[in-house]
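Contents: one structure, followed by commentary.
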Amino acid sequence: MAGGDHGAVVHQRPRADGREHAIRGVAVIPRPHVDWFALAPEIIAGAGLLTVGVAYADRMRDEHIAEFYALLAAAGAGMCFLVTANNLMTLFLGLEWFSISLYILCAIDRERESSLEAGLKYLIIGSFGSAVLLFGSALVYGATGELAFNRISDAIGAQHLTGDALLVAGLAMIIVGLGFKASAAPFHMWTPDVYEGAPTPVTGFMAAATKTAALVLTLRVLREAFPQEAHLWTIAIAAIACASLAVGNLAALVQRSLKRMLAYSSIAQAGFMLIPIASDNAIGGRALLYYLIPYSVMSVGAFAVITARERELAAPVTLDNLAGMGWERPLLGVAMCTFMFGFAGLPPTGGFVGKFYAFSAAFRHGWTWLVIVGVVATAVSLYYYLAVVRAMYMRPTAELQLAPTPVPAGAIAAGGSPPRDAMLQATVLLAMGGTIASFVAVQPLIHVAKQAASSLPF
């Protein structure tokens, strides 16, 4: 793999239109310009770079620091490979590539029981999801005799397989497998415990990059390999979106732990991003890609703020011990408010435009009822997102014993490295800037998303 805009390079041969394609279905993606297969890895890479800034502040002197960054890079590379896969076989390889790295990252803090528990749960449930996807791929191969996405579509048309029981069963299992990776309901059972127990920088990376890879791949597989079955999978995806919105928002209402609340929030956000996929139109493709940009920076940024608070308290962050943080740490407070407004879909953040664009795709498809469900879910989410703002600014400052910091603010780390607090604050500031910039510079980003989505067969 070479960079963010190249997939696995194997034997290619030119087509009449000057592009290239894979021989015998091996995954090779042509890259004549900034397209779908270039933009998605760039979003993942951006989330990874922000995570490095958070992890530097959190783990500078920790044991296994080299392994941590190596596994983080391996997970990011696996996701980039995954979103450029053009074949069910390479799809599964990419899925396992990044999943195995994340299993280890979740459990890398061996002295914490919650980290080991998170790694074990993610391993067991993630392996089950991968097995379901693999079995579904086998059923699709049995029905069509093909593994490449475009050849599966051709075989369905040539062999008149629309509605074939074996094919539909395989498609359903592929959707379930990808639903596990996207942490969409009802396949979300691993998400709260894993997000809460994993190291916080890893949680932020998973919330941003894993969801990006899973959702991008979901749309590609459904649109490229199974366009003839759209009458089935659009309904299935819409049902999963509604379930995710309901489960995620209702469960988040009663959470006190901030990491657990954001875990359920990520389930609800998956529901919002499944709406443009269910819409099955060009606007939906553009809406998904655009929405992933602010969502990724908001996710990493929110968990960066949690990382900073955890360092101060040496304890899990809850709504109770957030009290007064907005006045004590103005930058972190303003940034957290920005991220919460973005998740809630309020201006001036990219989350507002992303949700509006997603609802537009559903409305264009004729699913007004799905737009109404999304609007109601957004209204419900305001309660717990604004509860974070209220805790930081409208509750008395908590009488807390802050943990001693091993490196004083402004001190220079060994080897002339930047101070940890400065690196963390720079990461938070960058994420906050990206959240607002995705609203201010909406037209250029929508143009990029439109160009990228044009490579899909809508």
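Heads up: the sequence shown at position 334 corresponds to 334 in the numbering used here, and the numbers run straight through without jumps. Every residue gets a Cβ at the ideal spot worked out from N, C-alpha and C, and that includes glycine. Just so it is clear, the structure is predicted and the values come from calculations on it, not from any experiment.
With DSSP collapsed to three states, give me the class of residue i.
i           : result
residue 438 : helix
residue 281 : coil
residue 86  : coil
residue 148 : strand
residue 162 : coil
residue 454 : coil
residue 31  : Reliability fails at residue 31, whose pLDDT of 45 lies under 50, so the model's placement of it is uncertain and the value that follows must be treated cautiously. The answer is coil: DSSP assigns residue 31 none of H, G, I, E or B.
residue 22  : Below a pLDDT of 50, predicted positions are generally treated as unreliable, and residue 22, at 40, falls in that range; no measurement from the model is reported.
residue 299 : helix
residue 318 : strand
residue 114 : helix
Please classify residue i: is it buried, with 16 or more other beta-carbons within 10 angstroms of its beta-carbon, or exposed?
i           : result
residue 432 : buried
residue 109 : buried
residue 189 : exposed
residue 445 : buried
residue 425 : buried
residue 56  : buried
residue 372 : exposed
residue 376 : exposed
residue 394 : exposed
residue 440 : exposed
residue 23  : With a pLDDT of 37 at residue 23, under the threshold of 50, the modelled position of that residue is not reliable, and no figure is offered here.
residue 330 : exposed
residue 159 : exposed
residue 53  : buried
residue 220 : buried
residue 94  : buried
residue 362 : buried
residue 72  : buried
residue 396 : exposed
residue 157 : exposed
residue 310 : buried
residue 11  : Any reading at residue 11 needs caution, since the residue's pLDDT is 36, under 50, leaving its predicted position unreliable; the model's value is listed next. Counting Cβ neighbours within 10 Å, residue 11 comes out exposed, since fewer than 16 surround it.
residue 66  : exposed
residue 312 : buried
residue 466 : Only positions 1 to 458 of the chain appear in this structure, which leaves residue 466 out of reach.
Spatial neighbours of residue i within its chain, please: C-beta separation below 6 Å, excluding the five flanking residues on both sides.
i           : result
residue 215 : 182 and 273
residue 255 : 261
residue 207 : 266 and 299
residue 471 : Not covered by the structure: residue 471. The range shown for the chain is 1 to 458.
residue 308 : 332 and 424
residue 146 : 152 and 155
residue 222 : 233
residue 167 : 143 and 161
residue 199 : 109
residue 239 : none
residue 140 : 170
residue 378 : 345
Taking 7 Å as the limit between beta carbons, can you name the residues of its chain near residue i, skipping five residues before and five after?
i           : result
residue 230 : 280
residue 449 : 286, 289 and 290
residue 454 : none
residue 163 : none
residue 264 : 192, 248, 251, 252 and 255
residue 194 : 106, 118, 121 and 122
residue 225 : 149, 152 and 153
residue 350 : 293, 294, 342, 435, 438 and 439
residue 51  : 72, 201, 204, 205 and 300
residue 442 : 353
residue 389 : 337 and 340
So that I know if they touch, is there some Cβ in chain D lying closer than 7 Å to that of residue i?
i           : result
residue 147 : Included in the structure is just one protein chain, with no chain D present.
For residue i, I'd like the list of residues in its chain whose CB is within less than 8 Å of its CB, leaving aside the five on either flank, ordered along the chain.
i           : result
residue 357 : 276, 283, 286, 287, 290, 291 and 446
residue 132 : 173, 176, 177 and 180
residue 457 : 223, 224 and 227
residue 115 : 106, 107, 108, 109, 197, 198 and 199
residue 317 : 257, 258, 259, 306, 309 and 310
Open item on the list: Tell me whether the segment 356–375 and the segment 328–343 touch, counting them as touching only if at least three CB pairs, one residue from each stretch, are closer than 8 Å.
Closed with: Taking 8 Å as the limit for Cβ pairs, the verdict is that the segment 328–343 does not touch the segment 356–375.
Task: Any 3 or more C-beta pairs closer than 8 Å across the segment 150–157 and the segment 232–243 - done: No contact exists between the segment 150–157 and the segment 232–243.
TODO: Would you check if the segment 120–139 and the segment 162–181 touch, i.e. whether three or more CB-CB distances between them fall below 8 Å?
DONE: Put simply, the segment 162–181 touches the segment 120–139. At least three CB pairs are less than 8 Å apart.
- [ ] Decide yes or no for the touch test of the segment 96–108 against the segment 117–129: beta carbon pairs closer than 8 Å, at least 3 of them.
- [x] Taking a contact to require three or more Cβ pairs closer than 8 Å, the segment 96–108 and the segment 117–129 qualify as touching.
- [ ] Taking only runs that begin and end inside the segment 173–247, name each unbroken alpha helix (DSSP H) of 4 or more residues, in chain order.
- [x] With a minimum length of 4 residues, the continuous alpha helix (DSSP H) runs that stay inside the segment 173–247 are 191–197, 200–205 and 211–225.
Task: Length-filtered (3 minimum) beta strand (DSSP E) runs lying within the segment 307–371 - done: Qualifying beta strand (DSSP E) stretches: none in this window.
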